[in-house]
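In this note's numbering, the protein residues as written are 2 to 142.
Cβ atoms here follow ideal geometry from the backbone N, Cα and C, with glycine treated the same way.
Right, one structure below, let's go through it.
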(Lines of atoms letter the chains of each structure in order from A; the text may use other names.)
(Lines give C-alpha, C1' and ligand atoms only; values in the text may rest on other atoms or scores of the structure.)
Protein backbone atom coordinates (compact mmCIF):
# COMPACT_ATOMS: atom_id res chain seq x y z
CA UNK A 2 0.00 0.00 0.00
CA UNK A 3 1.17 3.48 -0.68
CA UNK A 4 1.89 5.97 2.08
CA UNK A 5 -0.71 8.37 0.69
CA UNK A 6 -3.47 5.78 0.96
CA UNK A 7 -2.53 4.92 4.55
CA UNK A 8 -2.50 8.63 5.46
CA UNK A 9 -5.93 9.01 3.87
CA UNK A 10 -7.32 6.09 5.91
CA UNK A 11 -5.84 7.45 9.16
CA UNK A 12 -7.20 10.96 8.47
CA UNK A 13 -10.64 9.59 7.62
CA UNK A 14 -10.61 7.53 10.85
CA UNK A 15 -9.94 10.64 12.96
CA UNK A 16 -12.63 12.62 11.13
CA UNK A 17 -15.19 9.86 11.71
CA UNK A 18 -14.24 9.54 15.39
CA UNK A 19 -14.64 13.31 15.80
CA UNK A 20 -18.05 13.30 14.14
CA UNK A 21 -19.21 10.36 16.27
CA UNK A 22 -18.03 12.15 19.41
CA UNK A 23 -19.92 15.33 18.50
CA UNK A 24 -23.08 13.39 17.68
CA UNK A 25 -22.78 11.36 20.86
CA UNK A 26 -22.40 14.51 22.92
CA UNK A 27 -25.66 15.97 21.59
CA UNK A 28 -27.50 12.65 21.99
CA UNK A 29 -26.27 12.36 25.57
CA UNK A 30 -27.46 15.91 26.35
CA UNK A 31 -30.90 15.05 24.99
CA UNK A 32 -30.88 11.87 27.08
CA UNK A 33 -30.06 13.85 30.23
CA UNK A 34 -32.91 16.29 29.53
CA UNK A 35 -35.30 13.33 29.29
CA UNK A 36 -34.24 11.94 32.69
CA UNK A 37 -36.90 12.51 35.37
CA UNK A 38 -36.07 14.93 38.17
CA UNK A 39 -37.16 14.66 41.83
CA UNK A 40 -40.74 15.61 40.92
CA UNK A 41 -41.01 12.77 38.38
CA UNK A 42 -40.95 15.01 35.29
CA UNK A 43 -38.02 15.76 33.03
CA UNK A 44 -36.95 19.16 31.73
CA UNK A 45 -38.54 18.42 28.36
CA UNK A 46 -41.77 17.27 30.06
CA UNK A 47 -42.01 20.61 31.87
CA UNK A 48 -41.30 22.51 28.65
CA UNK A 49 -44.10 20.65 26.87
CA UNK A 50 -46.44 21.20 29.83
CA UNK A 51 -45.93 24.99 29.84
CA UNK A 52 -46.26 25.27 26.06
CA UNK A 53 -49.45 23.19 25.95
CA UNK A 54 -50.97 24.93 28.98
CA UNK A 55 -50.47 28.43 27.50
CA UNK A 56 -50.96 27.74 23.79
CA UNK A 57 -54.35 29.51 23.76
CA UNK A 58 -52.83 32.67 25.33
CA UNK A 59 -50.65 33.49 22.33
CA UNK A 60 -51.73 36.19 19.88
CA UNK A 61 -50.55 36.52 16.28
CA UNK A 62 -48.29 39.50 17.03
CA UNK A 63 -46.57 37.66 19.88
CA UNK A 64 -46.06 34.56 17.72
CA UNK A 65 -44.55 36.72 14.99
CA UNK A 66 -42.23 38.47 17.45
CA UNK A 67 -41.06 35.10 18.81
CA UNK A 68 -40.41 33.90 15.26
CA UNK A 69 -38.40 37.06 14.57
CA UNK A 70 -36.37 36.55 17.74
CA UNK A 71 -35.44 32.94 16.95
CA UNK A 72 -34.65 33.72 13.30
CA UNK A 73 -30.84 33.75 13.81
CA UNK A 74 -30.91 30.21 15.22
CA UNK A 75 -29.96 27.65 12.55
CA UNK A 76 -33.00 25.94 11.05
CA UNK A 77 -31.97 22.56 12.47
CA UNK A 78 -32.15 23.82 16.07
CA UNK A 79 -34.85 26.48 15.70
CA UNK A 80 -37.78 24.34 16.86
CA UNK A 81 -35.92 23.25 20.00
CA UNK A 82 -34.95 26.84 20.80
CA UNK A 83 -38.48 28.07 20.15
CA UNK A 84 -39.95 25.44 22.49
CA UNK A 85 -37.48 26.28 25.25
CA UNK A 86 -38.17 30.00 25.00
CA UNK A 87 -41.96 29.57 24.65
CA UNK A 88 -42.01 27.31 27.71
CA UNK A 89 -40.21 29.93 29.80
CA UNK A 90 -42.65 32.58 28.57
CA UNK A 91 -45.56 30.26 29.38
CA UNK A 92 -44.15 29.58 32.84
CA UNK A 93 -43.96 33.32 33.56
CA UNK A 94 -47.52 33.82 32.30
CA UNK A 95 -48.88 31.03 34.50
CA UNK A 96 -46.96 32.19 37.57
CA UNK A 97 -48.40 35.70 37.13
CA UNK A 98 -51.91 34.46 36.33
CA UNK A 99 -52.03 36.28 32.98
CA UNK A 100 -54.88 35.66 30.58
CA UNK A 101 -52.79 36.66 27.54
CA UNK A 102 -49.13 36.54 26.53
CA UNK A 103 -48.05 40.17 26.36
CA UNK A 104 -45.02 41.70 24.75
CA UNK A 105 -43.54 42.37 28.21
CA UNK A 106 -43.77 38.73 29.27
CA UNK A 107 -42.43 37.60 25.91
CA UNK A 108 -39.34 39.80 26.12
CA UNK A 109 -38.68 38.93 29.76
CA UNK A 110 -39.11 35.21 29.06
CA UNK A 111 -36.77 35.44 26.08
CA UNK A 112 -34.12 37.12 28.20
CA UNK A 113 -34.42 34.52 30.97
CA UNK A 114 -34.43 31.54 28.56
CA UNK A 115 -31.49 32.52 26.38
CA UNK A 116 -27.77 32.91 27.07
CA UNK A 117 -26.27 36.39 27.30
CA UNK A 118 -24.61 36.07 23.89
CA UNK A 119 -28.08 36.08 22.26
CA UNK A 120 -29.22 39.27 23.99
CA UNK A 121 -27.46 41.53 21.49
CA UNK A 122 -29.70 40.15 18.73
CA UNK A 123 -32.73 40.79 20.96
CA UNK A 124 -31.70 44.42 21.40
CA UNK A 125 -31.08 44.78 17.66
CA UNK A 126 -34.51 43.32 16.84
CA UNK A 127 -36.29 45.48 19.42
CA UNK A 128 -34.59 48.62 18.07
CA UNK A 129 -35.60 47.66 14.52
CA UNK A 130 -39.23 47.24 15.66
CA UNK A 131 -39.12 50.50 17.72
CA UNK A 132 -39.84 48.69 20.99
CA UNK A 133 -38.52 50.30 24.17
CA UNK A 134 -36.28 47.82 25.97
CA UNK A 135 -35.12 50.11 28.80
CA UNK A 136 -37.32 48.34 31.43
CA UNK A 137 -35.38 45.13 30.72
CA UNK A 138 -31.88 46.55 31.10
CA UNK A 139 -31.44 45.06 34.63
CA UNK A 140 -32.20 41.61 33.20
CA UNK A 141 -29.77 42.13 30.31
CA UNK A 142 -26.80 42.81 32.60
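Shortest alpha-carbon distance to residue i belongs to which of the options?
{"i": "residue 96", "options": "84, 110, 141 and 85", "result": "110"}
{"i": "residue 135", "options": "19, 108 and 77", "result": "108"}
{"i": "residue 142", "options": "129, 121, 131 and 127", "result": "121"}
{"i": "residue 83", "options": "22, 94 and 71", "result": "71"}
Could you check if residue i is buried or exposed, using at least 16 other CB atoms within 10 Å of its CB as the buried criterion?
{"i": "residue 125", "result": "exposed"}
{"i": "residue 89", "result": "buried"}
{"i": "residue 115", "result": "buried"}
{"i": "residue 91", "result": "buried"}
{"i": "residue 20", "result": "exposed"}
{"i": "residue 67", "result": "buried"}
{"i": "residue 127", "result": "buried"}
{"i": "residue 77", "result": "exposed"}
{"i": "residue 123", "result": "buried"}
How many whole angstroms separate the CB atoms of residue i and residue j, which I take to be in contact at a CB cut-off of 8 Å?
{"i": "residue 140", "j": "residue 112", "result": "5 Å"}
{"i": "residue 49", "j": "residue 85", "result": "So it is not a contact: roughly 11 Å between Cβ atoms."}
{"i": "residue 34", "j": "residue 45", "result": "5 Å"}
{"i": "residue 52", "j": "residue 87", "result": "5 Å"}
Using a beta-carbon distance below 8 Å, is residue i in contact with chain D?
{"i": "residue 7", "result": "The question asks about chain D, but that chain is absent: this structure has only one protein chain."}
- Task: Please determine if the region 50-61 and the region 96-105 are in contact, where contact requires at least 3 C-beta pairs separated by less than 8 Å.
- Result: yes
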